[in-house]
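What follows is a single structure, written as structure tokens, with notes after it.
Protein chains: 2
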Amino acid sequence: MSDAQAVKRSASKAEGDERHEAIYRAVSDAIVEQRLKPGARLREDALADVFGISRTGIRKILQRLALEQLVTLTPRRGASVTRPTADEAKDVFDARQLIECGLMPDVARRMGDKEAAELRDMAKRERQALRNGEQSVAIRLSADFHVRIAQLSGNATLAAFVESLCSRSSLILAVYGHPGHLGCESHDHDDLVGYLETGNGERASAFMSRHLKAIEASLSMVEEEENVPDLQQIFGG
Amino acid sequence: MSDAQAVKRSASKAEGDERHEAIYRAVSDAIVEQRLKPGARLREDALADVFGISRTGIRKILQRLALEQLVTLTPRRGASVTRPTADEAKDVFDARQLIECGLMPDVARRMGDKEAAELRDMAKRERQALRNGEQSVAIRLSADFHVRIAQLSGNATLAAFVESLCSRSSLILAVYGHPGHLGCESHDHDDLVGYLETGNGERASAFMSRHLKAIEASLSMVEEEENVPDLQQIFGG
DNA sequence: GCTTGTTTTATTGTATACATTGAGCCATCA
DNA sequence: TGATGGCTCAATGTATACAATAAAACAAGC
Chain V
1 MSDAQAVKRS
11 ASKAEGDERH
21 EAIYRAVSDA
31 IVEQRLKPGA
41 RLREDALADV
51 FGISRTGIRK
61 ILQRLALEQL
71 VTLTPRRGAS
81 VTRPTADEAK
91 DVFDARQLIE
101 CGLMPDVARR
111 MGDKEAAELR
121 DMAKRERQAL
131 RNGEQSVAIR
141 LSADFHVRIA
151 QLSGNATLAA
161 FVESLCSRSS
171 LILAVYGHPG
181 HLGCESHDHD
191 DLVGYLETGN
201 GERASAFMSR
211 HLKAIEASLS
221 MVEEEENVPD
231 LQQIFGG
Chain U
1001 MSDAQAVKRS
1011 ASKAEGDERH
1021 EAIYRAVSDA
1031 IVEQRLKPGA
1041 RLREDALADV
1051 FGISRTGIRK
1061 ILQRLALEQL
1071 VTLTPRRGAS
1081 VTRPTADEAK
1091 DVFDARQLIE
1101 CGLMPDVARR
1111 MGDKEAAELR
1121 DMAKRERQAL
1131 RNGEQSVAIR
1141 LSADFHVRIA
1151 QLSGNATLAA
1161 FVESLCSRSS
1171 LILAVYGHPG
1181 HLGCESHDHD
1191 DLVGYLETGN
1201 GERASAFMSR
1211 HLKAIEASLS
1221 MVEEEENVPD
1231 LQQIFGG
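Residue numbers (the working numbering), protein chains in the order written: chain V, 1 to 237; chain U, 1001 to 1237.
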């Protein structure tokens, strides 16, 4: 059953707010999982038809996604999946460095057996997805892993921000990453859980820093050239 | 001329987007400057009348403010200025500690004479406002000072997040701060500029940490008790 | 044949009407 | 007199109709 059908089916009973939340999540997931690729247009009518609500609700959802930088709203042009610039990509990864690494001590302090097991399970499922070639699932699980760790810090505000950063990272990987080469490969996530489990916040922080640097370094930061740059150069020269 | 009148007057010529932006800023400013106090209800009809647009545009603005946690949207109850909880307050100040302090090295590196002069001017105007008893102006300038510094880091994503945190801090001060005792008193801001000007990121970071801790310590973190807690206790016991 | 101007169409922006629901009020009854 | 029930009203949730506008298709001229 498709996402849209699942949402529609639950519509009859669910409250309006929950329906909106489900639709929001369906679109957000599709973007994070790269089934909706950067630059893809999101027409209001089409989305309204697919999810069985009117454009009013769709616009509300698109605005929310726009504030999270997942979609770009161009006046009179409508919504499209955001195509991050190289500058934005750098900002996002710098922010993740600062915050995710800075949270490691807190996370290590609050880490218990249950939390460690949960994280290990997520890492395991991520590896399995990678082996099975389920790229979308792997991307999502990787983002979820980072978000879950941030949540374990106990700071809801920072966790929500990390969630936003991870979603945007998925877009960045879609644009600048090499196809087939996923960000969080190897056993990095398992190793990280190990450091956190032993309460070694400093080592976890250093490891997270290397981990994020490795992801960023794997990107090929080539901005696509303008379509018609000749005219621009004429004006410039 | 009042904010609403100013917005209305510019409405005839301005594009719709700019009008919305102006209204958003008018409401946001009123909240940050504590002219709209936490808990104040924001009825859609009233706002629509005041600003001369329909409820549709007002709802869009309220949703944006809600995502920034400045207003709280209660289903079927409408919008009201957010009253931060003690937990939220702690999260916000912890987040500011991590981010604003972490940005100091970058800021110190990019600090030039022009930037330092701009910051000194803001600090000066803030002190003047405090002396003149213009509390709203002082609150705004204090928040602007912190935001401007974050912008100087060059990371737009983190700067936007700091802006959100500063706005929420204003709400927190409104609820938990002592009346008349403003957060950023004394010459802290001037001193901070001094450290940044000399490129001493580490000292600036340490100073910012103390500065934020001092603000947080000045709060009286007493959650107001529930109105009718007896029933709750009966169920609990 | 390519560029430019015009018409058409498709899509978003805005407002308003209607439905829904929570809150306040009043009357009735214990 | 106080509480509970229903009733009225006010405010929000939702959808739809209309207006504005940008893209696209098309036609005309160079």
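Note that CB positions come from ideal geometry on N, CA and C, so glycine has one too.
Check, Outcome
"Residues near U/Cys1101 by beta carbon distance below 6 Å, same chain, minus five either side", "Ser1205, Met1208, Ser1209"
"With 16 other Cβ atoms within 10 Å as the buried cut-off, status of U/Val1222", "exposed"
"Cβ neighbour criterion (16 or more within 10 Å) applied to V/Ser34", "Rather than Ser, the amino acid found at residue 34 of chain V in this sequence is Gln. By the neighbour-count rule (16 or more Cβ atoms within 10 Å), V/Gln34 is buried."
"Other residues of its chain near U/Val1071: CB distance less than 7 Å, five sequence neighbours each side excluded", "Leu1042, Leu1062, Leu1065, Ala1079, Ser1080, Val1081, Thr1082"
"Sub-8 Å separation of U/Phe1145 and U/Leu1103 beta-carbons", "no"
"Segment contact, 8 Å Cβ cut-off, at least three pairs: the stretch 1158–1172 of chain U with the stretch 1124–1131 of chain U", "no"
"Cα-Cα separation between U/Leu1219 and V/Arg25, rounded to whole angstroms", "37 Å"
"Where V/Phe161 meets chain U, residues with beta-carbon distance less than 7 Å", "Phe1161"
"V/Cys184 (DSSP reduced to helix, strand or coil)", "Since pLDDT at V/Cys184 reaches only 49, below the 50 mark, its modelled position is unreliable, and no value is offered."
"CB contact check: U/Ala1014 to chain V, cutoff 8 Å", "With a pLDDT of only 43 at U/Ala1014, under 50, the local geometry of the prediction cannot be trusted, and the value read off the model is given with reservation. No, no contact with chain V."
"Within chain U, partners of V/Gly102 - CB distance below 7 Å", "Leu1098, Gly1102"
"Within chain V, partners of U/Asp1017 - CB distance below 9 Å", "Pro75"
"Boundaries of the beta strand (DSSP E) in which U/Leu1173 is found, first to last residue", "Note, U/Leu1173: premise wrong, no beta strand (DSSP E); alpha helix (DSSP H) at 1156–1176."
"U/Arg1083 in three-state terms, based on DSSP", "coil"
"The stretch 37–67 of chain V: positions lying closer than 7 Å to chain U by Cβ", "Lys60, Gln63, Arg64, Leu67"
"Burial state of V/Thr56 (16 or more Cβ within 10 Å)", "exposed"
"Nearest-angstrom Cα separation, counted from V/Ile215 out to V/Arg96", "11 Å"
"Contacts of U/Val1092 in chain V (Cβ-Cβ under 7 Å)", "Thr157"
"Which listed residue (V/Tyr176, V/Ala116, V/Arg168) has its alpha carbon closest to that of V/Tyr195", "V/Ala116"
"Contacts that U/Ala1095 makes with chain V (C-beta to C-beta distance below 8 Å)", "Asn155, Thr157, Leu158, Phe161"
"Own chain residues within Cβ distance below 8 Å of U/Ser1054, not counting five before or after", "Ala1048"
"Candidates U/Gly1177, U/Asp1191, U/Cys1166, U/Arg1019, of which the one nearest U/Asp1094 by Cα", "U/Cys1166"
"U/Ser1153 versus U/Ala1108, U/Ser1164, U/Val1050, residue with shortest Cα-Cα distance", "U/Ala1108"
"V/Ala46 classed as buried or exposed, judged by whether at least 16 other C-beta atoms fall within 10 angstroms", "exposed"
"Whole-number beta carbon distance between V/Ala123 and V/Val193, since they are thought to touch under 8 Å", "7 Å"
"CB contact flag (V/Val50, U/Thr1157, <8 Å)", "no"
"Reference V/Arg77, options V/Leu98, V/Ala159, V/Leu67, V/Gly39, closest by Cα", "V/Gly39"
"Residue span of the alpha helix (DSSP H) that contains U/Leu1119, given as start and end", "1113–1131"
"Coil, strand or helix - V/Val50 by DSSP", "helix"
"Chain U within 8 Å of V/Gly183, Cβ atoms only", "The predicted model places V/Gly183 with a pLDDT of 49, which falls under 50 and marks its position as unreliable; any figure quoted below should be read in that light. Closer than 8 Å: no."
"Nonlocal neighbours in the same chain, by C-beta distance under 7 Å from V/His189, ignoring five residues either side", "Ala123, Glu126, Phe145"
"Residue of V/Arg168, V/Gln151, V/Lys37 minimising C-alpha distance to V/Arg110", "V/Gln151"
"Paired residues, beta bridge with V/Leu103 - DSSP", "In DSSP, V/Leu103 forms no bridge with anything."
"C-alpha gap between V/Ala265 and U/Arg1019, whole angstroms", "Since the first residue of chain V shown is 1 and the last is 237, residue 265 of chain V is not available in this structure."
"Local conformation of V/Arg41 per DSSP, three classes", "strand"
"Secondary structure of U/Leu1036, DSSP reduced to three states", "coil"
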